[in-house]
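In order, the protein sequence lines correspond to chains Z and C.
For the first sequence, position 107 (counting from the first letter as 1) is numbered 107 according to the UniProt record's numbering, and the numbering increases by one without interruption.
For the second sequence, position 56 (counting from the first letter as 1) is numbered 56 according to the UniProt record's numbering, and the numbering increases by one without interruption.
There are 2 protein chains.
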Amino acid sequence: MARTTGSDGEKTEAAVREAAVNLIARLGYEAMSMRQLAAEVGVQAAALYRYFPTKEDLLFTLMREHMEGLLAAWSTARPAAADPVSRLAAYVENHIAFHIERRHATHVSNMELRSLSHERLTQVLKMRTAYEKELRTILRDGVEAGVFSIDDTGLTAMALIQMMTGVIVWFRPGERLSVTEVTTTYLSMTMRLVGAKIDASSAARPFGRVTDAVAL
Amino acid sequence: MARTTGSDGEKTEAAVREAAVNLIARLGYEAMSMRQLAAEVGVQAAALYRYFPTKEDLLFTLMREHMEGLLAAWSTARPAAADPVSRLAAYVENHIAFHIERRHATHVSNMELRSLSHERLTQVLKMRTAYEKELRTILRDGVEAGVFSIDDTGLTAMALIQMMTGVIVWFRPGERLSVTEVTTTYLSMTMRLVGAKIDASSAARPFGRVTDAVAL
DNA sequence: GAATTAATTGAACGTTCGTTTTATTATCGC
DNA sequence: GCGATAATAAAACGAACGTTCAATTAATTC
């Protein structure tokens, strides 16, 4: 046999991407074989090489587009010129929503970095650093404005990102908590962690029990 | 050739464990070959099978002993009958110290769970759950005693553990921050996150800037 | 110092891996 | 409807994988 009836390159490529994300998230990049992936898609292994020259190219494509998606999402969600508290809230909300929605892709992007070549690893890490820098800037602005009290902005940014991204480890859609509830609680924890002081303007939009922990 | 002069089973087994932790942490379990591991130790691949019947047995041994070590460390560090704030402080200090000291083993235990058989995965997760339950108990006791203000103790416990364990991702010994500085900052962040109220007894031992964030 | 046990080597086994090549069929532009 | 091209199948490649086995030598026991 050869070309099958109804076969379509675009559809096949999309199916390969989706199956690859799920399989790599479940089994790991090294443990997933190209034959396994092909079987999941419903084609022969050789067909995969029409879309991705090597297995590593496939992995890199998934990671790069995941990071680009994250940066694009933040670029859309970021408030134009707001106070640090609102900006931090937007960052947390965007981060949690994005990562819950793309649990598997996040797993792949976080766990399989070591399978990339040096050059490609650098590329992905550059995007990641750019994203993290956004948070550090918000924290630093907040400290300078006197609305956050933070020991070490770099360390705090890392701790916050680890905490928020960790949501994908235990969160399962449709279980005890909804995405909204989770986001609200993480917002509350974040604001307390950075010692956010609620002023008159942002007090109109409370963050869970933040008010309980802050001197009023 | 056969048995080499000066060869010693105990020493070889210890060398295998250490090399395996480092190699798996760097390359991943699937990507590390038994030949590679043997070369690192300085023996032939076949010699490994004198100590570990299969590759998975080796992985499981490393993970089980890591978790047992963590539980043992907490068992030693845990205060007998103290207030929730002190107990939480002890938990954080022990967690950070243990994980920084065993960065590679932690990496292995967290990243390679999917390579275990179902039965062994259950065993490891049981130990992990027991460890996490200790933190949840502290948080619940603190809420009941009125010294913590927390929305959801289960979610908060997971967030704290993710945040603390995340230290191994970016921390490198001998760089900008010392272990003591990192621990102090994490303690401070933790106490603020749980809305810890400092009373007279524990005020003698301040947690960084915690006092700035709490109404006094 | 002979017998026994512990530790390791070197070669080999069958399997699976990522990838390439060649052939074949479906679809599309004209 | 015919040529060009896109999409796939089928088979094969060499390399590497985890693991086993028989042979061999060092250390220990008596």
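We treat Cβ as the ideally placed atom computed from N, Cα and C, and that holds for glycine.
Nothing here was measured: the structure is a model prediction, and the numbers come from that model.
Going along chain Z, which residues have a C-beta under 8 Å from C:Trp170?
Within the second sequence, residue 170 of chain C is the residue found at index 170, counting from 1. Chain Z residues near C:Trp170: Met158.
Rounded straight-line distance, which links the Cα of Z:Pro79 to that of Z:His99
Counting from one through the first sequence, the residue named residue 99 of chain Z turns up at place 99. Counting from one through the first sequence, the residue named residue 79 of chain Z turns up at place 79. Rounded to the nearest angstrom, the two C-alpha atoms are 19 Å apart.
Would you mind telling me which residues of chain C sit closer than 7 Å to Z:Ala31, beta carbon to beta carbon, in chain order?
Counted from its first residue, the first sequence places residue 31 of chain Z at position 31. Glu30, listed in chain order.
Whose CA, out of Z:Gln162, Z:Val182 and Z:Ile161, lies closest to the CA of Z:Phe171?
For the purposes of this step, residue 171 of chain Z is taken as residue 171 along the first sequence, with counting starting at 1. Comparing Cα-Cα distances from Z:Phe171 to each of Z:Gln162, Z:Val182 and Z:Ile161, the minimum goes to Z:Val182.
By how many angstroms is the C-alpha of C:His95 removed from the C-alpha of C:Val179?
Start at 1 with the first residue of the second sequence, and residue 179 of chain C comes out as number 179. Start at 1 with the first residue of the second sequence, and residue 95 of chain C comes out as number 95. Cα-Cα distance, rounded: 12 Å.
Using a C-beta to C-beta distance shorter than 7 Å, which residues of chain Z count as neighbours of C:Ser188?
Stepping through the second sequence from its first residue, residue 188 of chain C is reached at position 188. By Cβ distance, chain Z contributes Asp151.
Report the neighbours of C:Leu59 on chain Z: residues whose CB is nearer than 8 Å to its CB, in chain order.
Indexing the second sequence from 1 puts residue 59 of chain C at position 59. Chain Z residues near C:Leu59: none, gap ~13 Å exceeds 8 Å.
Return the chain-ordered list of same chain residues with a C-beta closer than 7 Å to the C-beta of Z:Leu139, the five sequence neighbours on each side being excluded.
In the first sequence, residue 139 of chain Z corresponds to position 139, counting from 1. Excluding the 5 residues flanking it on each side, Z:Leu139 has same chain C-beta neighbours closer than 7 Å at Phe148, Ile150, Thr153, Thr156, Ala157 and Val194, in chain order.
8 Å is my cut-off, CB to CB: does C:Gly195 come that close to chain Z?
Position 195 of the second sequence, counted from the first residue, corresponds to residue 195 of chain C. The beta-carbon of C:Gly195 is placed less than 8 Å from the nearest beta-carbon of chain Z.
Spatial neighbours of Z:Phe52 within its chain, please: CB distance less than 7 Å, with the 5 preceding and 5 following residues excluded, ordered by chain position.
Stepping through the first sequence from its first residue, residue 52 of chain Z is reached at position 52. Correct list, in chain order: Leu58 and Thr61.
Can you tell me which of Z:Arg136, Z:Glu56, Z:Ala145 and Z:Lys11 puts its alpha carbon nearest to the alpha carbon of Z:Arg120?
The sequence position of residue 120 of chain Z within the first sequence is 120, counting from 1. It is Z:Glu56.
Answer yes if the segment 100 to 107 of chain C comes into contact with the segment 62 to 75 of chain C, meaning at least three C-beta pairs across the two stretches below 8 Å, and no otherwise.
yes
At a cut of 8 Å, does the segment 41 to 52 of chain Z reach the segment 117 to 131 of chain Z through at least three beta carbon pairs?
no
Between C:Thr185 and chain Z, is the shortest Cβ-Cβ distance under 8 Å, so that the two count as touching?
Residue 185 of chain C sits at position 185 when you count from the first residue of the second sequence. Yes, its Cβ sits closer than 8 Å to a Cβ of chain Z.
Closest by CA to Z:Ala145, which one among Z:Val85, Z:Ala39 and Z:Arg35?
Counting from one through the first sequence, the residue named residue 145 of chain Z turns up at place 145. Out of Z:Val85, Z:Ala39 and Z:Arg35, Z:Val85 has the C-alpha closest to the C-alpha of Z:Ala145.
Exposure of Z:Arg26, with buried meaning 16 or more beta-carbon neighbours within 10 Å:
Numbered from 1 along the first sequence, position 26 holds the residue referred to as residue 26 of chain Z. When all chains shown are included, Z:Arg26 counts as exposed.
Say the cut is 7 Å; is the CB of C:Pro84 nearer than that to a heavy atom of the ligand PLP?
This structure lacks the ligand PLP; in fact it carries no ligand of any kind.
For Z:Glu30 and C:Val167, I'd like the C-alpha separation in whole angstroms.
Taking the first sequence and counting its residues from 1, the one referred to as residue 30 of chain Z is at position 30. Taking the second sequence and counting its residues from 1, the one referred to as residue 167 of chain C is at position 167. So the two alpha carbons sit approximately 26 Å from each other.
Which residue from Z:Leu88, Z:Ala38 and Z:Val143 puts its Cα closest to that of Z:Arg17?
Locating residue 17 of chain Z in the first sequence gives position 17, counting from the first residue. Checking every option, the nearest Cα to that of Z:Arg17 belongs to Z:Ala38.
Taking C:Gln36 as the query, report the chain Z residues whose CB atoms sit under 8 Å from its CB, ordered along the chain.
As a first step, residue 36 of chain C must be located in the second sequence, where it is residue number 36. Going along chain Z, no residue has its Cβ under 8 Å from C:Gln36, so there is no contact; the nearest lies around 13 Å.
For Z:Asn22, collect the residues of the same chain with a Cβ closer than 6 Å to its Cβ; drop the 5 residues on either side in sequence, then sort them by chain order.
Translated into positions along the first sequence, residue 22 of chain Z becomes position 22. If we look at Z:Asn22 and ignore the five residues flanking it on each side, its Cβ neighbours are His104.
Rounding to the nearest angstrom, what Cα-Cα distance links C:Ser115 and C:Arg35 in this structure?
In the second sequence, the residue the question calls residue 115 of chain C occupies position 115. In the second sequence, the residue the question calls residue 35 of chain C occupies position 35. The alpha-carbon atoms of C:Ser115 and C:Arg35 are separated by roughly 19 Å.
Do the CB positions of C:Leu125 and C:Leu160 come within less than 8 Å of each other?
Taking the second sequence and counting its residues from 1, one reaches residue 125 of chain C at position 125. Taking the second sequence and counting its residues from 1, one reaches residue 160 of chain C at position 160. No, they are not a contact pair.
Against chain C, does Z:Gly174 count as a neighbour if the rule is that its beta carbon must be under 8 Å from one of theirs?
Position 174 of the first sequence, counted from the start, is the residue given in the question as residue 174 of chain Z. Under the 8 Å criterion on CB atoms, Z:Gly174 is classed as non-interfacial with respect to chain C.
Boundaries (first-last residue) of the alpha helix (DSSP H) holding C:Ala38
Numbered from 1 along the second sequence, position 38 holds the residue referred to as residue 38 of chain C. First-last of the alpha helix (DSSP H) with C:Ala38: Met34 to Val41.
Compare the Cα-Cα distances from Z:Leu65 to each of Z:Val143, Z:Arg87, Z:Val41 and Z:Ala14 and report the closest residue.
In the first sequence, the residue the question calls residue 65 of chain Z occupies position 65. What sits at residue 65 of chain Z in the sequence shown is Glu, not Leu. The shortest C-alpha to C-alpha distance from Z:Glu65 to any of Z:Val143, Z:Arg87, Z:Val41 and Z:Ala14 is the one to Z:Ala14.
Simplified DSSP assignment, three categories, for C:Tyr49:
Numbered from its first residue, the second sequence carries residue 49 of chain C at position 49. Here C:Tyr49 sits in coil by DSSP.
Short check: CB of Z:Leu187 to CB of Z:Glu93, under 8 Å?
Here residue 187 of chain Z refers to the residue found at position 187 of the first sequence. Here residue 93 of chain Z refers to the residue found at position 93 of the first sequence. Yes, Cβ-Cβ distance for Z:Leu187 and Z:Glu93 is below 8 Å.
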